[in-house]
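**Q** First the structure, then my questions, so here it is.
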Amino acid sequence: MIRRFLAAAAVVAALGAPCVAYAAEYTLDPNHTQAEFTVVHLAISQVRGQIPVTSGTMEIGPGDLPSAISATLSAKDLDTHSADRDKELRGDDWFAIERYPTITFVAKKIEGTAQAFTVSGDLTMHGVTKPVTLSGKMLGKMTDGRNRAHLGYVAATTVDRRDWGLNWGKTTPGGALIAAYDVAINLNVEAVAR
Numbered sequence: 001m002i003r004r005f006l007a008a009a010a011v012v013a014a015l016g017a018p019c020v021a022y023a024a025e026y027t028l029d030p031n032h033t034q035a036e037f038t039v040v041h042l043a044i045s046q047v048r049g050q051i052p053v054t055s056g057t058m059e060i061g062p063g064d065l066p067s068a069i070s071a072t073l074s075a076k077d078l079d080t081h082s083a084d085r086d087k088e089l090r091g092d093d094w095f096a097i098e099r100y101p102t103i104t105f106v107a108k109k110i111e112g113t114a115q116a117f118t119v120s121g122d123l124t125m126h127g128v129t130k131p132v133t134l135s136g137k138m139l140g141k142m143t144d145g146r147n148r149a150h151l152g153y154v155a156a157t158t159v160d161r162r163d164w165g166l167n168w169g170k171t172t173p174g175g176a177l178i179a180a181y182d183v184a185i186n187l188n189v190e191a192v193a194r
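Position one of the sequence shown corresponds to residue 1 (full-length UniProt numbering), numbered consecutively onward.
Now the structure itself:
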């Protein structure tokens, strides 16, 4: 009799327990995920470039809101569509890729909805780790021919490159920075379900 009562109580307790929502795991697709950056040149124009994302993961919670993000980017493969400029950026005055070939980001806090969220996390670049906050949104989702879910997101922020020790600051005779300190970053992300 006591055993039956305890068993029944256990069933009732289990049914009354709150449901736990588990995040789905996704992998960043390196062929469709990249970081784009924009820097003002000579205070009159813009130079754009890309740094490829070589690996990364996301966890997606209810409502398609990311709950965890980590990514690794290849600084040595940055591309501004100018071989001479890229060589300079990879050198010791800038990214020093021989010592710091990768850039990493790990999210610490994500708030909002899939349509409008903020991501706060640690960006490690040039041997320095600093906090950054990005604003993001989901672009959409679909299922491919192998029945794998794909999710698309964009996110953006602006950082001061000097915070990571990228201090190159030559100016024109008139005093304008050849390359501005502020760098606009735009992320294009496609994540594929594991």
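A virtual CB, placed ideally from N, CA and C, is assigned to each residue, including glycine.
Given a threshold of 16 other Cβ atoms within 10 Å of its Cβ, counted over all protein chains shown, does LEU78 qualify as buried or as exposed?
**A** Classification of LEU78: buried, given that the 10 Å Cβ count is 16 or more.
**Q** Quick one, are the C-beta atoms of VAL53 and THR80 less than 9 Å apart?
**A** No. Outside cutoff.
**Q** Within the continuous beta strand (DSSP E) that includes LYS137, where are the two ends?
**A** LYS137 -> beta strand (DSSP E) spans 128-143.
**Q** Rank VAL132, ALA114 and ASN186 by C-alpha distance to the C-alpha of GLY121 and give the top, closest one.
**A** Here the closest residue by C-alpha is VAL132.
**Q** For the putative contact between THR102 and LEU134, defined by C-beta atoms under 8 Å, what is the C-beta separation to the nearest angstrom?
**A** THR102 to LEU134, Cβ: 19 Å. No contact.
**Q** Taking DSSP's pairing of strands, which residues face PRO66 in a bridge?
**A** DSSP lists ILE60 as partners of PRO66.
**Q** Do three or more CB pairs link the stretch 56-68 to the stretch 107-117 at distances below 8 Å?
**A** Touching, yes, given that three or more Cβ pairs across the two stretches are closer than 8 Å.
**Q** So what does DSSP say about LEU89, is it helix, strand or coil?
**A** Three-state DSSP puts LEU89 in a helix.
**Q** State the Cα-Cα distance for the pair PHE105 and ILE60, rounded to the nearest angstrom.
**A** Roughly 17 Å separates the two Cα atoms.
**Q** Hey, TYR100 and GLY127: beta-carbon distance below 9 Å or not?
**A** For TYR100 and GLY127, yes; Cβs fall inside 9 Å.
**Q** Rounded to whole angstroms, what's the CA-CA distance from THR38 to ALA68? Just pull it up for me.
**A** Answer to the nearest angstrom: the Cα atoms are 26 Å apart.
**Q** Can you give the Cα-Cα distance for TRP164 and SER74, rounded to whole angstroms?
**A** Distance between the alpha carbons of TRP164 and SER74 is about 16 Å.
**Q** What's the gap between the Cα of ASP93 and the Cα of VAL119?
**A** Approximately 30 Å between the Cα atoms of the pair.
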